[in-house]
Amino acid sequence: MKKNLDKKGRIHFSDLEIKNLEDKYRNFVFKSSLISVFIIILLFILSPDFFDRLQYEDGYVENLTVVFLVIAIIGIGKFFIKATKNNVDKNWKYLFIMLQILGFLSVALYASLQELEFGQRALGYEMSDTSKEVTKGNGMNLHHRENMELFLAFGAVMFCTYTVVIPYLFRKPLIDSLISNKLMQLESWILKIPRSLVPAFLAGTILALLQALSSFITEELEEFNEYSEVCFAYAFALLGSYLWDSSYQDRFN
852 MKKNLDKKGR IHFSDLEIKN LEDKYRNFVF KSSLISVFII ILLFILSPDF
902 FDRLQYEDGY VENLTVVFLV IAIIGIGKFF IKATKNNVDK NWKYLFIMLQ
952 ILGFLSVALY ASLQELEFGQ RALGYEMSDT SKEVTKGNGM NLHHRENMEL
1002 FLAFGAVMFC TYTVVIPYLF RKPLIDSLIS NKLMQLESWI LKIPRSLVPA
1052 FLAGTILALL QALSSFITEE LEEFNEYSEV CFAYAFALLG SYLWDSSYQD
1102 RFN
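Right, here's the structure in full:
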């Protein structure tokens, strides 16, 4: 299969990679993600009390998560706006790619609002008794609602597949050997994030898996939840920065 190109020989708009940005981000993202996971796990082993204090409500980890998500919203939002204004034939394939970019933007926006409890504590308002009955606590967060664990677990699996597996699976050399001819037709319909950013999403995935093992090994692993969220937020911030840079290079053709 030939490289994913459009009719004019340019990289297809479903592929977000730009060579000079890949060279710029690759080593930094890999090293920073590896160091982050190493430090977090080491901190959990050597100083569990300090590890726990950092993730308190409105603590350092949660605030850093919000900062990363704001960066992501700005970068992805700028890219999305410019892409929608681009003079290109907006066929169904293009619109579907735009929908996937909007999905990333929506996840970042919702996650930031969730970290802020949708302004509940800042504005000082209380939930109604009816709302409290369907939550595990008094918060507005989705994960506070009853019977959401299975839904969130499924969403996490899909998201990790999208950000860790697909960027390699639907590009050479794997696409030629692992994807059937019928599935290859879907390749240009699927948004492929830059491979240089995959280590950051993988870092969040690793910590999320450790947290998921809490039910089988020890409840102490549950404390990795906030750290996996900040790693995912960091990955989103990198994606926002990458797309911000690419928006100045007329990325969408």
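Residue numbers (the numbering used here): 852 to 1104.
Cβ atoms here follow ideal geometry from the backbone N, Cα and C, with glycine treated the same way.
Proximal residues to residue 1056 (C-beta, below 7 Å), its chain only, five neighbours per side dropped: On the sequence shown, residue 1056 is found 205 positions in, with the first residue counted as 1. Counting only Cβ-Cβ distances below 7 Å, and skipping sequence neighbours, we find 1011 and 1015.
Inter-residue CB distance, residue 916 and residue 1049 (contact presumed, cutoff 8 Å): Residue 916 sits at position 65 when you count from the first residue of the sequence shown. Residue 1049 sits at position 198 when you count from the first residue of the sequence shown. Residue 916 to residue 1049, Cβ: 20 Å. No contact.
Enclosing alpha helix (DSSP H) for residue 957 [first to last residue]: In the sequence shown, the residue the question calls residue 957 occupies position 106. It spans 943-966 - the alpha helix (DSSP H) in which residue 957 sits, taken as one unbroken run.
Three or more C-beta pairs below 8 Å linking the segment 894-906 and the segment 1071-1091: yes
Bridge-paired residues (DSSP) for residue 1043: By one-based count along the sequence shown, residue 1043 stands at place 192. DSSP, once it has assigned bridges, lists 866 as partnering residue 1043.
Straight-line Cα distance separating residue 959 from residue 1025: In the sequence shown, residue 1025 corresponds to position 174, counting from 1. In the sequence shown, residue 959 corresponds to position 108, counting from 1. Looking at the two C-alpha atoms, the distance is approximately 29 Å.
Nearest residue (CA-CA) to residue 965, options 914, 1020 and 1095: Taking the first residue of the sequence shown as position 1, residue 965 is located at position 114. Residue 914 is the option with its Cα nearest to residue 965.
Exposure label - residue 919; buried when at least 16 CB within 10 Å: The residue labelled residue 919 in the question sits at position 68 within the sequence shown. Per the 10 Å Cβ criterion, buried.
Residue 973 versus residue 963 - alpha carbon distance: Looking up residue 973 in the sequence shown gives position 122. Looking up residue 963 in the sequence shown gives position 112. Its pLDDT being 49, under 50, residue 973 is placed unreliably in this model, and the coordinates cannot settle the point.
Among 874, 927 and 870, nearest to residue 1088 - alpha-carbon criterion: As a first step, residue 1088 is located in the sequence shown; it is residue number 237 there, counting from the start. When only C-alpha atoms are compared, the closest one is 927.
Proximity below 8 Å, CB of residue 948 to CB of residue 883: Working through the sequence shown from its first residue, we reach residue 948 at position 97. Working through the sequence shown from its first residue, we reach residue 883 at position 32. Their beta carbons are not under 8 Å apart, which means residue 948 does not touch residue 883 by this criterion.
Contact under 8 Å by Cβ, residue 952 with residue 872: Against the sequence shown, residue 952 aligns to sequence position 101. Against the sequence shown, residue 872 aligns to sequence position 21. No, Cβ-Cβ distance for residue 952 and residue 872 is not below 8 Å.
Whole-angstrom distance between residue 942 and residue 910, CA atom to CA atom: In the sequence shown, residue 910 corresponds to position 59, counting from 1. In the sequence shown, residue 942 corresponds to position 91, counting from 1. So the alpha carbons of these two residues sit roughly 46 Å apart.
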